[in-house]
Amino acid sequence: MTEPTSPEPAESFDFRQLEHKWSAIWEQLQPFTVDDPNDQRPRKYILDMFPYPSGDLHMGHAEVYALGDIVARYWRLRGFQVLHPIGWDSFGLPAENAAIKRGVDPREWTYQNIAQQRQSMKRYATSFDWSRVFHTSDEEYYRWNQWLFLRMYEKGLAYRKDSWVNWDPVDQTVLANEQVLADGTSDRSGAVVVKKKLTQWYFKITDYADRLLDDLNQLEGRWPQKVLTMQRNWIGRSFGAEVDFVIEGHPEAITVFTTRPDTLFGATFMVVAPESDLASELVAGASPEVQERFGTYLEKVQQSSEIERQDHTREKTGVFLERWAINPVNGERISVWAGDYVLADYGTGIIMAVPAHDQRDLDFAIAHDLPVRVVVDVTAPVTGAIPVVTQEMLDSGEVPELDPVATGVALAGSGRMINSGPLNGLSKDNAINRMIELLEEAGTGRATKTYRLRDWLISRQRYWGTPIPIVYDEEGNEIALPDDQLPVTLPPSEGLDLRPKGSSPLGAIDHWVNTELDGKPVRRDADTMDTFVDSSWYFLRFLSAHDDTQAFDPAEVDKWAPVDQYVGGVEHAILHLLYARFITKVLFDLGYLTFTEPFTSLLNQGMVILDGAKMSKSKGNVVYFSEELDNYGVDAVRLSMAFAGPPEDDIDWRDVSPVGSQKFLARAWRLARDVQSEPGIAFGNGDGTLRRATHHLLNDLPGLIESFKFNVAVARLMELVNVARKTIDQGPGGSDPAVREAAETVAIALSMFAPYTAEEMWEILGFPPSVAHATWPSPDHTLLVEESVVAIVQINGKVRARLDVSPSIGTDELRKRALADETISSLVEGQEIKNLIVRPPKIVSIQLAD
């Protein structure tokens, strides 16, 4: 490649001129392309969460890509071959909804935004390998989504079933559980999510629940603890027992999961989810009056959100189904009810109610006048000698009477079992173990575990997504398409009504839906895949982005993966990260990968806010990315992002000073211009203040960057520029070799934060581009030894003097120096020294008598 030419260095610091000059040079050089198979340097794979093309980049992008770029540029300086790719997560509802609103093709809207974002990213000087770009809406990419689906289908991990699903009434599509916010609204449209019964495609993520949970231990210390906790809570493993209840008139025993099998003697009724298949089966044999009452009740329940139904303060409503179950531990007949506080997708959709020890069960029992039996004496000690508690003791008053019905408060907590036959007197843990033994002996139960996690619902009733590679014959049987018929491509949207209406727009395209397979008529599945499928494995596609023979090259995977450093927002702590971990484990089991966790280290950045609030156009508090770059320049914005505070903290842009960053960058630039010595000059063996400051920075900065203390690193860089400036102004000027050493160090370090300024400094200092490929200088450890330290001298706890002393000063010498100090000697003269503590080399504490 021909070496690029560049204009003479600028006569004044003009960020616009620098950006224009160096962006053209970088475009010609392509300095971050990783394509040399003979490069033997150690490797690092640094990845930023790829963006969604909803418009131009915003301030959140400005932060994440500044931080990710610091990490990527740092490891290059440390001698690593760094892969730092970028692409676009370009399928999904926002593009489709925007296209509907504007009356345009989703492709047109999406790729226009991608072009705009790409231009902004290049201006932002992010060190991406632009040769590996792809978009998930490219046929060349989503073909491999379909390939992945087929591999999972073959393994039994992709399946279709009828079930109650989360339904977004605005976007008219289903949502995975993870896409329903805590307040019961859709994370897409904001609408209150309702339940709807549909036939949908799922990925069997629950088969991997234990591994997803246990393998989080591998990530301790590498991922933020907050994210690990969120993942553990979402998977939500619970240990307990399955208990089989016989319901009179029902052909099969009904299995209930409980974490408290010790309380079975206190189960006095059962509650089934109204929308469950079991409820329909049970009510079928009831009287017409009950069936009518149940039907009315079911309609009402279906109009309520899941969050509303789980509200503990809500009135507990229900319908008696005229059915009776048999409690397997005592043979009692207990009534069976339909109640809206039980959900169909929790466990088996039916619970045993223990009202004395569960508040919602108690509220339901009181509302419907159902029996309540206390089986745990929460006042009894759980340690020490085991008391024998009998009904006679309760009747005589030897044990305090416990009456939740009178108080309206369930008895939570541990204690000793009562009213529980063979369990009486046992503590909770012992009672659980003993009850499981009894159930297993009787054949009416068994130890088990359950999870909060549910299978991943992946089908969506929308157009702009990956078509599902399944067809159906005339009898409705599923047929997986062979690989040689991939990709199943989306038809053009021209003339297609994309407005949400409860079923996929693709289903209305007869010539697309109706096709042939092996000469026989078949019908395509009209749903598309959840876009989280696209992003669950994209990090692998970057390794062989344009290979049309395979999803990813195993040889490239062995070279680069897993990702060494992943950078992105904490809002993806559950959805994206959980799905990517799941797909990685599936591909490992299928023999495609040799690792089980996709992202070795994770850095989450905070939000960029304004005046303490999240930016919103409707609130009128938006800071526009492009305007900030126009006003202050790329380098000032990037440096401000790094200097604002710890990456995980929110940045209030009102408190940030891009103007201050501009002034510092100009000072750094002038430092390079003031250097008068030639490149390659020996820096000398001196140990002056500037050389010591330079080598302390060279020694300390790697630790700061690797621990993500970017703001501290910038502060240290500013300190070095100040020391260098002072040396120039008060010493021998720019001819001092130490000034060149400091300026070169500043340019190299600054390349991580402000690439345009750093590149210009590097050229001024006489080096060819790019400074990004400079080698991080090794510190001279002889310059790191402190010549002196400051010893504090206190009198009665107040600092009265500071002494410059040798780091190796002894106790006696430090005592003498302290007492000989003019200020100290005057203050202690004529006073009785009650106590004197000397801790060399840092402190002398003198306590005078009152």
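Under my numbering, the first residue of the sequence shown carries the number 10, and numbering increases by one thereafter.
All residues carry an ideal CB built from backbone N, CA and C; glycine is no exception.
| request: With DSSP as the reference, please indicate the residues paired to N860 in a beta bridge. | output: Only positions 10 to 859 of the chain appear in the structure, and residue 860 is not among them; the question remains open.
| query | Nearest CA to the CA of T208: which residue from Q312, G249, D216, K170? | reply | K170
| query | Considering only C-alpha positions, which residue in the set N122, L92, G101, A124 is nearest to S136? | reply | L92
| query | Roughly how many angstroms separate the alpha carbons of S779 and E772, rounded to a whole number? | reply | Each residue's alpha carbon lies about 9 angstroms from the other.
| query | CB-CB under 6 angstroms to L27, same chain, minus the five flanking residues each way: which ones, in chain order? | reply | Y765, E769
| request: Have a look at A756 and H70 and give me their C-alpha separation to the nearest angstrom. | output: 25 angstroms
| Inter-residue CB distance, W176 and K213 (contact presumed, cutoff 8 angstroms) | Actually they do not touch by this definition, with Cβ atoms about 22 angstroms apart.
| message | I'd like to know whether the C-beta atoms of V183 and Q470 end up nearer to each other than 9 angstroms. | response | yes
| task | State the Cα-Cα distance for the pair Q319 and G193, rounded to the nearest angstrom. | result | 10 angstroms
| request: Evaluate V794 with the Cβ neighbour count: other Cβ atoms within 10 Å of its Cβ, from every protein chain shown; 16 or more gives buried, anything less gives exposed. | output: exposed
| To the nearest angstrom, how far is it from the Cα of R663 to the Cα of I244? | 39 angstroms
| message | Quick check on I445: does DSSP put it in helix, strand or coil? | response | helix
| request: Note the first and the last residue of the continuous alpha helix (DSSP H) segment covering S635. | output: For S635, the enclosing alpha helix (DSSP H) stretches over residues 634 to 641.
| field | Distance CB(D57)-CB(Q90) smaller than 9 angstroms | value | no
| task | Would you decide whether A858 is buried or exposed? Buried here means 16 or more other CB atoms lie within 10 Å of its CB. | result | exposed
| field | Reduced DSSP secondary structure (H/G/I, E/B, other) of A421 | value | Coil.
| First and last residue of the uninterrupted alpha helix (DSSP H) at R152 | 148 to 163
| request: Give the range of the alpha helix (DSSP H) segment to which I79 is assigned. | output: Its alpha helix (DSSP H) spans residues 68 to 86.
| Residues bridged to D177 [DSSP beta-bridge criterion] | T182
| query | With 9 angstroms set as the bound, which would you pick, yes or no: does the beta-carbon of D519 sit closer than that to a beta-carbon of chain B? | reply | The displayed structure is made up of one protein chain only, and chain B is not part of it.
| task | Check each candidate in V255, R241, F373 and name the one with the smallest Cα separation from R590. | result | R241
| Are the beta-carbon atoms of D644 and A763 separated by less than 9 angstroms? | yes
| Can you tell me whether DSSP reads D683 as helix, strand or coil? | D683 falls in the helix class under three-state DSSP.
| K325: buried (16+ other C-beta within 10 angstroms of its C-beta) or exposed? | buried
| field | Buried versus exposed call for G689 [16 or more other C-beta atoms within 10 Å across all chains shown] | value | exposed
| query | Is the CB-CB distance between S797 and D65 below 9 angstroms? | reply | no
| query | In or out: R873 buried (at least 16 other Cβ within 10 Å) or exposed? | reply | Outside the displayed range of the chain (10 to 859) lies residue 873, so it cannot be described from this structure.
| query | So V572 and F608 are in contact, right, with Cβ under 8 angstroms, and what is the actual spacing, rounded? | reply | 5 angstroms
| task | Report the residue from V142, A374, I34 whose alpha carbon sits nearest the alpha carbon of R132. | result | I34
| field | Inter-residue spacing [alpha-carbon to alpha-carbon] between L490 and R152 | value | 12 angstroms
| field | alpha helix (DSSP H) segment containing D821, residue limits | value | Per DSSP, D821 belongs to the alpha helix (DSSP H) from 820 to 829.
| task | Identify whether P409 lies in helix, strand or coil by the three-state DSSP scheme. | result | In this prediction, P409 scores a pLDDT of 48, lower than 50, which makes its location untrustworthy; the coordinate-derived value is nonetheless stated afterwards. Here P409 sits in coil by DSSP.
| task | Can you give me the start and stop residues for the beta strand (DSSP E) that K53 sits inside? | result | It spans 52 to 57 - the beta strand (DSSP E) in which K53 sits, taken as one unbroken run.
| said: Quick test of the definition: if touching needs 3 or more C-beta pairs under 8 angstroms, does the segment 581 to 596 touch the segment 537 to 547? | reply: yes
| query | Does the distance from the C-beta atom of I488 to that of V531 stay below 9 angstroms? | reply | The answer is yes: Cβ separation under 9 angstroms.
| field | Contact under 9 angstroms by Cβ, Q360 with D370 | value | Note that residue 360 is Ile in the sequence shown here, rather than Gln. Yes.
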